[in-house]
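One structure below.
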Amino acid sequence: MTEFITEHWLDIFTTLLGLLYIWLEYRAHIALWLVSIIMPALDIWLYWSHGLYGDAGMAAYYTLAGIYGYAMWRYGTALKSLLARGKRMGDAPKNALPITHMPARRYAPVAVAFVAAWAATYWILVKFTNSTVPLLDSFTNALSFIGLWALAKKYIEQWLFWIAVDVVCCYLYVVKGIPFKAGLYGLYVAIAVAGYFKWNRMMKEQTVRA
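Going by the working numbering, the first residue of the sequence shown is number 15, and it counts up by one from there.
Written out as structure tokens, the structure is:
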């Protein structure tokens, strides 16, 4: 048992952080971004050591994106008001960024960005690594870029992107022998579905309050 825990300690620890992250995301709590800085920083080594080079690169991106996401959630509305009205930050409203639908005009650019990121990541994995799963590894990376961007914008559709990512990641981690992460991403699928409906209720409630 001790040997098993020693071998999989990083998998176990990051899985626990992942459970905390998805609970905070489900509640739309800003602290999720703090976890999203720590967890992927540890995931870089976990994924790299198992040959998931695309996921390792994505984890590095997540670490940096966590800072952006926190800033958007904490100051997004204030920054928009600052730019629109030319006010000083100290005079800007401090309202949190609301949950909204992704505008229809963004779908085409998002689709193009996804395909471009998928193709570029696939080429990098095939050209410069010995990855045995370049197609799926690059798919989850490309769609994760989109999902994280949508999460930072607080678009409810971010949950739909993550459902697709989580299903594929669960399969990849089973194949690559990362059992706890595989179980975590299986749970992520169910929570992402529940999260979509919770955010939808929250969005309607904030509309009524407005």
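Built from N, CA and C at the ideal position, the CB exists for glycine as well.
### Query
Where do the N-terminal and C-terminal ends of the alpha helix (DSSP H) with S50 fall, by residue?
Sequence index remark: in the sequence shown, residue 50 carries index 36 (1-based). Going by DSSP, S50 is part of the alpha helix (DSSP H) stretching over L46 to S63.
### Query
Based on Cα-Cα distance, which residue from I36, L33 and A79 lies nearest to W163?
Locating residue 163 in the sequence shown gives position 149, where the first residue counts as 1. Of the candidates I36, L33 and A79, the one whose C-alpha sits nearest the C-alpha of W163 is A79.
#### Entry: Span of the alpha helix (DSSP H) around S9
Residue 9 is absent from the structure shown; the chain starts at 15 and stops at 224.
### Query
Going by the CB atoms, is the gap between D180 and Y210 shorter than 8 Å?
Translated into positions along the sequence shown, residue 210 becomes position 196. Translated into positions along the sequence shown, residue 180 becomes position 166. Not closer than 8 Å, so no.
### Sequence-distant residues of the same chain with beta carbon closer than 8 Å to D57, five excluded per side
Along the sequence shown, read from residue 1 onward, the residue named residue 57 stands at position 43. These residues qualify, in order along the chain: T28, D69, A70, A73 and Y76.
### Query
So what's R88 in DSSP terms, helix, strand or just coil?
Mapped onto the sequence shown, residue 88 falls at position 74. Reduced to three states, the DSSP call for R88 is helix.
### Task
Give the range of the alpha helix (DSSP H) segment to which E219 is assigned.
What you label residue 219 is simply residue 205 of the sequence shown in a count that begins at 1. Note, E219: alpha helix (DSSP H), P193 to R223.
### Query
In the structure shown, what three-state DSSP assignment does T143 receive?
By 1-based counting over the sequence shown, the position of residue 143 is 129. In this structure, T143 counts as coil in the three-state DSSP scheme.
### Task
Keeping to the same chain, check which residues put their C-beta closer than 7 Å to that of I177; ignore five residues upstream and five downstream.
In the sequence shown, counting from the first residue as 1, residue 177 sits at position 163. Result list for I177: V203, A206 and V207, in chain order.
### Contact under 8 Å by Cβ, L34 with V49
Your numbering for residue 34 matches position 20 in the sequence shown. Your numbering for residue 49 matches position 35 in the sequence shown. It is a contact, given that the beta carbons lie within the stated cut-off.
### Task
Using alpha carbons as the reference points, say which of G65, G32, N214 and W37 lies closest to L139.
The count along the sequence shown starts at 1 and reaches residue 139 at position 125. If we check each option's Cα against that of L139, G65 comes out closest.
### Query
By a C-beta neighbour count over all protein chains shown, 10 Å radius and 16 as the cutoff for buried, is N144 buried or exposed?
Position 130 of the sequence shown, counted from the first residue, corresponds to residue 144. So N144 counts as exposed.
### Message
I'd like to confirm the pairing. Which residues does DSSP put opposite Y169 in its beta bridges?
### Response
In the sequence shown, counting from the first residue as 1, residue 169 sits at position 155. Y169 pairs with T114.
### Query
Going along the chain, which residues of its own chain have a beta-carbon closer than 8 Å to the beta-carbon of A127, five neighbours each way excluded?
Taking the first residue of the sequence shown as position 1, residue 127 is located at position 113. Excluding residues up to 5 positions away in sequence, F159 and I160 lie with their Cβ nearer than 8 Å to the Cβ of A127 in the same chain.
### Message
Closest to A133 by C-alpha separation, out of K168, A118, L186 and L150, would be which residue?
### Response
Taking the first residue of the sequence shown as 1, we reach residue 133 at position 119. It is L150 whose Cα lies nearest to the Cα of A133.
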